[in-house]
Structure formats: C-alpha cells, structure tokens
C-alpha cells in the first residue's frame, strides 16, 4: 500500500536560516508522481511542485529546491534564506496508478519562521 | 489556467439546516472531482470521488446520506451537508481533475463550515 511519511511535525527556525522538510514515500508502482503543497493559515492549498518518478533531476525555483532520491524513496524540500512569509503547513503527497492517481497525503509539517 | 472556484468560503448556520458547497472548474473540463475534509492540525482526508454523470464513490466511514455529492456537469460538483450538526463543522476542500487520470488535481480555496 502507498504511504507518505513526514516525520517532522513542526519546525521552527529564525528568519534567513535554511530549512529542509523531509518526505519519505512508499509505493510498489514504477510510475508515480510526487507533490509538495503549501497551506498558509488562510487555508488554501498552494501547489509548489509535481515530479514524476522518471525524472530524478533536482529542481530549484528561487529559494525553493527539491531533492528527489529514488534510492531512499525520499523527496525532500529545502527553503533557502527562509522568510516569515514561508510560515505555513507543508504537505508532501504521492499519486500512482494503484490509487487511480488519487493523492496520498503526508501528515504535514508546520513550519514556523521567527523574525 | 486550471482554476477551481469553491463557494462559499465560509458559512455559519444553525444545527439542523442543510448546507450546499459548490465547486466549479472555470477553464477546463473536470471529469473527476474530489471532496476532502480537514480537521484542525490534520492532513486532508478524502471523503469521496465523483465522476461526471456517475454516483460518487465514498470512502469508508463517510456517510453518503449525510454528505450528498452531485457531479452533474463537467464543470460543477456540489457537496450538501444534510441536517448539519456541530460535529460536521470542519474545513472542506474540493479538487478537480481532467483527462487523462494522471493529470494533477487542482484545488479550490476551501470552505470553513461552522455549525452552531
């Protein structure tokens, strides 16, 4: 069965520090997709990235970067030079053909950036 | 592109009333729509999946008579919470997906429901 584990329940750092949010997934499928979403206090889900299982290239988007490692079934997310506006709950999710591409969600990591 | 509009954003109503939440895909055809419920400080919990023109498929433990889902067109799905009670208070989020099935889901902004 599919599973997404975000072991960090809450992380608190001081502004301008770098922070990495961990995500470990389980699936038997060879074709799958991994996602990261941001949920600020206002509640809406903000899509950050979608990565398919055949693309292991790391991605950088501004202060955000993602490290996809199939060998360890991890898809970690790093924020460089964090800002107060980055404070939110971040969800990692997985979809695969076994789940008919429904999203399997991690528990979320609450990120607190202190000024 | 791929915008999903969810209304209302928040609603407060008395116990015993029914509440309807709408989810619209504005610029694409949503063959599948999903309804999620989120309790405070928890992850999203899938309630049901609906395909246009078909009956919704409910997840285990979700009362289909309490949470009525209609997906009558390729751009609109509705969730009606019937005879709502305080324990139905929650944050409800819809998402929509086009074809093929491996397309990503696009999310509405959610509805905060408070039952007094």
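Residue numbers (the numbering used here), protein chains in the order written: chain A, 30 to 144; chain B, 470 to 585. Glycine included, every Cβ here is placed at the ideal spot set by N, Cα and C.
So what's residue i in DSSP terms, helix, strand or just coil?
i: residue 138 of chain A; result: strand
i: residue 531 of chain B; result: coil
i: residue 114 of chain A; result: helix
i: residue 557 of chain B; result: helix
i: residue 84 of chain A; result: coil
i: residue 552 of chain B; result: coil
i: residue 101 of chain A; result: helix
i: residue 127 of chain A; result: helix
i: residue 30 of chain A; result: coil
i: residue 44 of chain A; result: coil
i: residue 507 of chain B; result: strand
At least one CB of chain B closer than 9 angstroms to the CB of residue i: is that the case?
i: residue 116 of chain A; result: no
i: residue 134 of chain A; result: yes
i: residue 130 of chain A; result: yes
i: residue 73 of chain A; result: yes
If we ignore side chains and look at the alpha-carbon of each, how far apart do residue i and residue j end up?
i: residue 580 of chain B; j: residue 496 of chain B; result: 21 angstroms
i: residue 543 of chain B; j: residue 470 of chain B; result: 16 angstroms
Write down the C-beta distance between residue i and residue j rounded to the nearest angstrom, noting that I regard them as a contact closer than 8 angstroms.
i: residue 473 of chain B; j: residue 575 of chain B; result: 5 angstroms
i: residue 512 of chain B; j: residue 137 of chain A; result: 5 angstroms
i: residue 57 of chain A; j: residue 127 of chain A; result: 7 angstroms
i: residue 515 of chain B; j: residue 131 of chain A; result: 7 angstroms
Answer with yes or no whether the minimum CB distance from residue i to chain A is below 9 angstroms.
i: residue 570 of chain B; result: yes
i: residue 510 of chain B; result: yes
i: residue 515 of chain B; result: yes
i: residue 506 of chain B; result: no
i: residue 538 of chain B; result: no
i: residue 496 of chain B; result: no
i: residue 554 of chain B; result: no
i: residue 579 of chain B; result: yes
Confirm the yes/no value for this check: CB of residue i, any heavy atom of the ligand ADP, distance under 8 angstroms.
i: residue 83 of chain A; result: The ligand content of the structure shown is nil, which means the ligand ADP is not present either.
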